[in-house]
Structure formats: structure tokens, C-alpha cells
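Single-structure report; data block below.
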Amino acid sequence: MSEVLGLRERKKLRTRHALIAAAIELFVEKGYEQTTVSEIAAAADVSTRTFFSYFASKEDVVFHNSRDGIDRALRVIAERGPGDRAVDLLSRAITSGFAALAVDDQLAREIAPINHLILTVPSLRARGLLLLFDSQQELAEALHRACPDELNLAEASAAVGAVIGGAKLAAFVSMRHGASPEEMLEAGRQATEFTLAGLRATFTPP
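Now the structure itself:
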């Protein structure tokens, strides 16, 4: 994306952000199932038709950033440099997500309510699990393609599953124990570092 957006692009981005913010506020206030698309549109001061030009459903609002995160991690893995080990690529791919949260205030504010929705609404939990499986599969295949001399596909799958699964579980468990968004992120970071340390020891060249 160009650093300098045109007027039309900025307006579209503002509308998208307004829809996401309105939806999350209504989901928290009224409940996910009780909130309608028309209410979200009205809260963002746009038409229902405009809502559907940005999102196909309420579910898509909740998972609005999922594809961005996967694509960012895939780019990191694809940019393997000379001497990069698989664990180094995986480390950079996962921590790129934490870096994005550090510079995107809106995304950081959304993480706690969105995670709560995913954990408590059955349809969102099912979608979240499917997206998690699909993203892990994509990353495992990409890691194997980038480092076929170092990891076979089963090992790449195990490494990706361990790191992402550990980080997600740590964040969700901390949330259940009343952690703040900042504490959730820190729990995810700690779990990531713990798992990566084990992987580095496992795949240390002789």
C-alpha cells in the first residue's frame, strides 16, 4: 500500500474502521447474536448496502484481520536470506504479528473483545478453529518449501503448530484469568519464546 493514500482510499479506510469499531461495541453491549447488520451500519452512519460492500457477514467483521496476519507471516518466510534457519524464519513470522499490534492502536484495542467473542460464541469458535487450522497448514507448507533441507513437512507442521498453538493458548488462558490486553500479549510472547527456545535446541546443527 502506498504511504500516501488518495482521498477516496482514506475515506474507504475510515468507513471500514468505523464499521469494525461500531460492530465490536455493539457485540459487547448487546451480544453478537442480538446485533444486526443494519444496527452496525446505522451506528457507523452508513447504509446496510455499504456494510455489505466491505464485509460479507458479521463473522467477517470479527475476523477482519486474519488474512492480513497470515499474509504477513508468509511474506517473512518467503524472504529467507542466506544462513537463515527454519526456526529463525518461524520466529520472525510469529513476532511480526506482535510488532503489528505494537504499532496499530486500533488493532491492539480490538484484541480482547474479539478474543472474548471467539471463545464465547459457538459459531465464531468454530470459524476461529477452522481459520487456525488453515493458517497453520499454509505456514507449515511455506516453511517446508523455504527450508526443505532442514525440515520435512511433518517437522515443519509440528514446529508451526507448537509455536502458534502455544501462543494462542497462553493468551486465551490468561484472558480467562482476568488478564488485560497487554498481559494477554505478554503471555503470548512468553509462550512463543519458550517454544522457540525448545525448537532451537532440537534443530541445532551438529
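Numbering-wise, UniProt numbering puts 137 at position 137 of the sequence shown, and it's gapless, one number per residue.
Note that beta-carbon positions come from the ideal geometry of N, C-alpha and C, so glycine has one too.
So, does the CB of residue i fall closer than 8 angstroms to a CB anywhere in chain C?
i   : result
A93 : The chain inventory of the structure shown lacks chain C, comprising one protein chain alone.
Taking the CB atoms as reference points, tell me whether residue i and residue j lie closer together than 8 angstroms.
i    : j    : result
A73  : L139 : yes
I94  : A146 : no
R125 : I118 : yes
G69  : G97  : yes
Ignore the nearest five residues each way along the sequence and tell me which others in residue i's own chain have a CB closer than 6 angstroms to its CB.
i    : result
L196 : S91
A44  : A18, L19, A22
A167 : G188, A191, T192
E150 : A86
H112 : According to the sequence shown, residue 112 is Ala rather than His. So the list reads P181, once near-sequence residues are dropped.
R127 : E59
A171 : M184, A187, G188
S157 : A140
Closer than 8 angstroms by C-beta to residue i: which residues in its own chain qualify, once you throw out the five before and the five after it? Chain order, please.
i    : result
T153 : Residue identity check: residue 153 is Leu in the sequence provided, not Thr. A140, E141, H144, listed in sequence order.
L199 : V87, L90, A159, A162, V163
S66  : L131, S135
Under the three-state reduction of DSSP, which class applies to residue i: helix, strand or coil?
i    : result
S57  : coil
Q34  : coil
L151 : coil
G165 : helix
V121 : coil
I77  : helix
E3   : Reliability fails at E3, whose pLDDT of 47 lies under 50, so the model's placement of it is uncertain and the value that follows must be treated cautiously. In this structure, E3 counts as coil in the three-state DSSP scheme.
V62  : helix
Using only alpha-carbon positions, find the residue among the options that is nearest to residue i.
i    : options             : result
M175 : E193, I114, R127    : I114
R16  : E39, E33, H64       : H64
L131 : S38, G165, A156     : G165
E80  : E186, P148, H177    : Reading the sequence as shown, one finds Arg at residue 80 and not Glu. When only C-alpha atoms are compared, the closest one is P148.
K58  : E33, R75, D71       : E33
A99  : E25, R8, E186, R10  : E186
G178 : F55, P82, V28, H116 : H116
E9   : E25, L169, Y54      : Y54
T120 : V62, K11, S157, L7  : V62
F203 : D84, V173, V28, T35 : D84
Leaving out five residues on either side along the sequence, give the residues of the same chain with a beta carbon under 7 angstroms from the beta carbon of residue i.
i   : result
F51 : L19, V37, I40, A41
Item to complete: State whether the stretch 123-137 contacts the stretch 34-52, with contact taken as three or more CB pairs (one from each stretch) at a distance under 8 angstroms.
Response: Taking 8 angstroms as the limit for Cβ pairs, the verdict is that the stretch 34-52 does not touch the stretch 123-137.
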